[in-house]
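Worksheet: one structure, shown below.
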Amino acid sequence: DAKTTQPTSMDCAEGRAANLPCNHSTISGNEYVYWYRQIHSQGPQYIIHGLKNNETNEMASLIITEDRKSSTLILPHATLRDTAVYYCIVRVAYSGYALNFGKGTSLLVTP
Amino acid sequence: KAGVTQTPRYLIKTRGQQVTLSCSPISGHRSVSWYQQTPGQGLQFLFEYFSETQRNKGNFPGRFSGRQFSNSRSEMNVSTLELGDSALYLCASRTSGASTDTQYFGPGTRLTVL
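Top line first, the protein sequences correspond to chains D and V.
Just so we're on the same page, my numbering is the position in the first sequence counted from 1, plus 4.
Just so we're on the same page, my numbering is the position in the second sequence counted from 1, plus 51.
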C-alpha cells in the first residue's frame, strides 16, 4: 500500500472548517483513499473514502487532487466532539484487507 | 443495526497466562479483522477472518491466534502473555470479501498484563 504523510497536529476553532491534508505521492491507480478518526481510547470511526472523484457525506468532504498525489479531508463546521486523531490510509483493492493506520493527525478543536 | 461488540471491555492478566477475547460483528458482516494498538507501535493489523478462514495475517508471533465461527463471531487468543502484550485490542467487521467494503470497528478490549 502507498505511504501517506500527514501533519502531526493541527488546531481549529469551533465552528470553522477543519481542513486536514494528506500526501500520498506514490499512490497507484487502483488504490483508494480512506479516512478514519479515533477519539481517545475508542475504536476508529470510518469517515469517508474515495478513488479519484471528490466525495461528500454527512460527516465530511474528501477532495482528491487530479493527479491523486494528495487529498484533503474537510469537516465543514468543526465541533469540540471532532477532537480526535485522523488517519489517512491508502489501500489497494484486493481480497486481503489490512488497514495501515500510520501516525495520523491529532486535531484539536478549541472553543 | 447494532455495531461491533467486544467482550470483555477490560481485562487484567499476569505474565504467562493466556487470554481469549471475543468479537461479535455487525449483523450480516462476514469478515472480522483484529488489530492491536499500543502507544509505541500504534495500530497494527493482526489477522482477518472470512467465512471461518484466516485470509490475511500481520507480523505477530504464533502466540497470537484467532478463529471465526459459523455465525461470523470471532475470538482471538494470546498465550503465554508478556508485559508488551498490554494494549487495546480492536475488532473490525465488514460485509464480505469485496475489497471496497468499509471496515467498522468495535470499542476494543483493554488488556493489561502485570
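No residue lacks a Cβ here, since even glycine has one placed at the ideal position from N, Cα and C.
Source: prediction; values computed, not measured.
Residues that DSSP places opposite residue i in a beta bridge
i: Glu-59/D; result: Leu-66/D
i: Glu-126/V; result: Ser-73/V and Arg-118/V
i: Lys-73/D; result: BP columns for Lys-73/D are empty, so no partner.
i: Phe-156/V; result: Ala-143/V
i: Asp-86/D; result: DSSP lists no partner for Asp-86/D.
i: His-53/D; result: Tyr-38/D
i: Thr-65/V; result: According to DSSP, which records beta bridges pairwise, Thr-65/V is partnered with nothing at all.
i: Val-94/D; result: Val-37/D
i: Asn-107/V; result: Glu-99/V
i: Thr-8/D; result: Thr-8/D is not bridged to any residue.
Minimum Cβ-Cβ distance from residue i to chain D less than 8 Å
i: Gln-119/V; result: no
i: Val-164/V; result: no
Cβ of residue i within 8 Å of any chain V Cβ
i: Ser-99/D; result: Residue placement at Ser-99/D is poorly supported in this model, since its pLDDT is 47, which falls under 50; the coordinates still yield a value, given next. Chain V contact via Cβ: present.
i: Ala-82/D; result: no
i: Lys-107/D; result: yes
i: Ala-102/D; result: yes
Limits of the beta strand (DSSP E) - the one that residue i falls within
i: Gly-93/V; result: 93 to 101
i: His-81/D; result: Run containing His-81/D: none; DSSP gives neither H nor E here.
i: Ala-22/D; result: 22 to 27
i: Gln-88/V; result: 82 to 89
i: Thr-109/D; result: 109 to 114
i: Thr-56/V; result: 56 to 58
i: Ser-138/D; result: Limits of chain D in this structure are 5 at one end and 115 at the other, which puts residue 138/D out of reach.
| query | Just by C-beta distance, which residues in the segment 46 to 58 of chain D are closer than 9 Å to chain V? | reply | So the list reads Gln-46, Gly-47, Pro-48, Gln-49, Tyr-50, His-53 and Leu-55, given in the order they occur along the chain.
| Relative to chain D, which residues along the segment 131 to 161 of chain V have a C-beta separation below 9 Å, given in chain order? | Leu-139, Leu-141, Cys-142, Ala-143, Arg-145, Gly-148, Ala-149, Ser-150, Thr-151, Asp-152, Thr-153, Gln-154, Tyr-155, Phe-156, Gly-157, Pro-158, Gly-159 and Arg-161
| query | the segment 85 to 110 of chain V: which residues have C-beta closer than 7 Å to a C-beta of chain D, in chain order? | reply | Gly-93, Leu-94, Phe-96, Glu-99, Arg-106, Asn-107 and Gly-109
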